[in-house]
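Trainee: The following block contains the structure, expressed as structure tokens.
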Amino acid sequence: MPPPPGISGTVADAITGAYFSAPNVWLALYQVGWARSWVAGTDCSIGQGCAGLTGDFSFVGPYPAGKYEVEVWVANGRYLVLRHAFEYDGASANTGVLLVEPKPVLVGITAVSPSEIPSEGGGLEVEYEVCQNPAGIGGAVPYRARVSLIGTPSGGFYAENQTASHRGFVRNRVPVNKLRDTAEVSASPPDGSWICVRILVTDIGDPFKFFDETIVCIPKGFSNGPPWFEQKCSSPAPPPLPPTPSK
Numbered sequence: 001m002p003p004p005p006g007i008s009g010t011v012a013d014a015i016t017g018a019y020f021s022a023p024n025v026w027l028a029l030y031q032v033g034w035a036r037s038w039v040a041g042t043d044c045s046i047g048q049g050c051a052g053l054t055g056d057f058s059f060v061g062p063y064p065a066g067k068y069e070v071e072v073w074v075a076n077g078r079y080l081v082l083r084h085a086f087e088y089d090g091a092s093a094n095t096g097v098l099l100v101e102p103k104p105v106l107v108g109i110t111a112v113s114p115s116e117i118p119s120e121g122g123g124l125e126v127e128y129e130v131c132q133n134p135a136g137i138g139g140a141v142p143y144r145a146r147v148s149l150i151g152t153p154s155g156g157f158y159a160e161n162q163t164a165s166h167r168g169f170v171r172n173r174v175p176v177n178k179l180r181d182t183a184e185v186s187a188s189p190p191d192g193s194w195i196c197v198r199i200l201v202t203d204i205g206d207p208f209k210f211f212d213e214t215i216v217c218i219p220k221g222f223s224n225g226p227p228w229f230e231q232k233c234s235s236p237a238p239p240p241l242p243p244t245p246s247k
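Structure representation (structure tokens):
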């Protein structure tokens, strides 16, 4: 009997081999064409988009044939850890075991100002760090960091506008790169919107080889307290030099 139409697979830890399971892991399915369109996966409560207790997931079709991506998010959907691209024939597909491994590069926001964008718009400054992941492969890792602004009113999403791009590398002697970017927010997003800054880090030569991303959102035209963001890098010091051999 042929398998039912849809897309299925399994998620596991590349280091330990242990299965990832709900509620710690969410999955999202995207179709990739002229644009990248969400298909399914945000509602974990009904099982669609969740990894089961044995790491298995299933997106029930039918879906049209074409290019797709599965995203894997951990910690109840807080951290994106894997993007897996594949071709789908329109009938059934199994991605096999998607191995989630520590990414070699992390990005963390350290400061954002101001804490509120006024109604008439204004400047926004973000400080962040791109750093080597101590749990990653180590060595010299070249990367590209892209900074984008997204306006998110209650009615939906505005287009994402890239505001900056940086190239660099992290390695044992250069574990952290500190960066600062500024952007101008126009008056067009209505009051009550959230202005989000998204920083995506990929391989320097392959924009689809995902390393890490982070996001922080601040209000426009109203006060909501200080913005929340996660500091992943914490500025680790370079490793000590080896002892000088005695003569």
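UniProt numbering applies: residue 1 is where the sequence shown begins, and numbers increase by one.
Quick reminder that beta carbons are idealized off the backbone N, C-alpha and C, glycines included.
1. Assign V60 to buried or exposed, taking buried as 16 or more other Cβ atoms, counted over all protein chains shown, within 10 Å of its Cβ.
2. What's the gap between the Cα of G41 and the Cα of L27?
3. Quick one: give me the first and last residue of the beta strand (DSSP E) that D203 is part of.
4. Can you tell me whether Q231 is helix, strand or coil according to DSSP?
5. Output needed for F229: all residues of its chain with C-beta closer than 6 Å, excluding positions within five of it in sequence on either side, in chain order.
6. Okay, do the region 140 to 148 and the region 161 to 173 touch, 3+ Cβ pairs below 8 Å being the bar?
7. Determine the closest residue to D89 out of G66, P227, T202, with distance taken between C-alpha atoms.
8. Can you tell me where the beta strand (DSSP E) holding F222 begins and where it ends?
9. Pull up the distance between the alpha-carbon of E127 and that of V100, whole angstroms please.
10. Closest to S186 by CA distance: which of K220, N224, W38 is it?
11. Between which residues of its own chain and S37 is the CB-CB distance below 7 Å, once the five residues before and five after are set aside?
12. Would the beta-carbon of N133 fall within 8 Å of that of K178?
13. When we look at the beta-carbon of G123 and count the other beta-carbons within 10 Å, is it buried (16 or more) or exposed?
14. Could you check which residue in G9, A183, P207 has the C-alpha nearest to that of N94?
15. Kindly indicate which three-state DSSP category T214 falls into: helix, strand or coil?
16. Output the boundary residues of the beta strand (DSSP E) element that contains I7.
17. How many Å lie between G55 and W73 at the Cα?
18. In the DSSP assignment, the beta strand (DSSP E) including D56 goes from what residue to what residue?
19. For T182, count neighbouring C-beta atoms within 10 Å of its own C-beta (all shown protein chains included) and say buried if the count is 16 or more, exposed if not.
20. So is L82 buried or exposed if we call it buried at 16+ other beta carbons inside 10 Å?
21. Could you say which of V70, P62, V11, P190 lies nearest to V97 if we only look at CA atoms?
22. Quick one: residues in its chain with C-beta nearer than 7 Å to the C-beta of K115, no 5 flanking neighbours on either side, listed in chain order?
23. For the beta strand (DSSP E) containing R180, list its first residue and its last residue.
24. Quick check on the DSSP output: the beta strand (DSSP E) that includes E127 runs from which residue to which?
25. Answer yes or no: does any C-beta atom of chain B fall closer than 8 Å to that of A140?
Mentor: This is what the structure gives:
1. exposed
2. 6 Å
3. 194 to 203
4. In the structure shown, the three-state DSSP call for Q231 is coil.
5. The residues are I109, V216.
6. yes
7. G66
8. Per DSSP, F222 belongs to no beta strand (DSSP E) and is neither H nor E.
9. 28 Å
10. K220
11. Y30, Q31
12. no
13. exposed
14. G9
15. strand
16. Its beta strand (DSSP E) spans residues 6 to 13.
17. 13 Å
18. 56 to 60
19. exposed
20. buried
21. V11
22. Looking at the sequence shown, residue 115 is not Lys but Ser. For S115, where only same-chain residues beyond five positions count, the Cβ hits under 7 Å are I218, P226, P227.
23. 176 to 185
24. 122 to 132
25. In the structure shown, chain B does not exist; there is a single protein chain.
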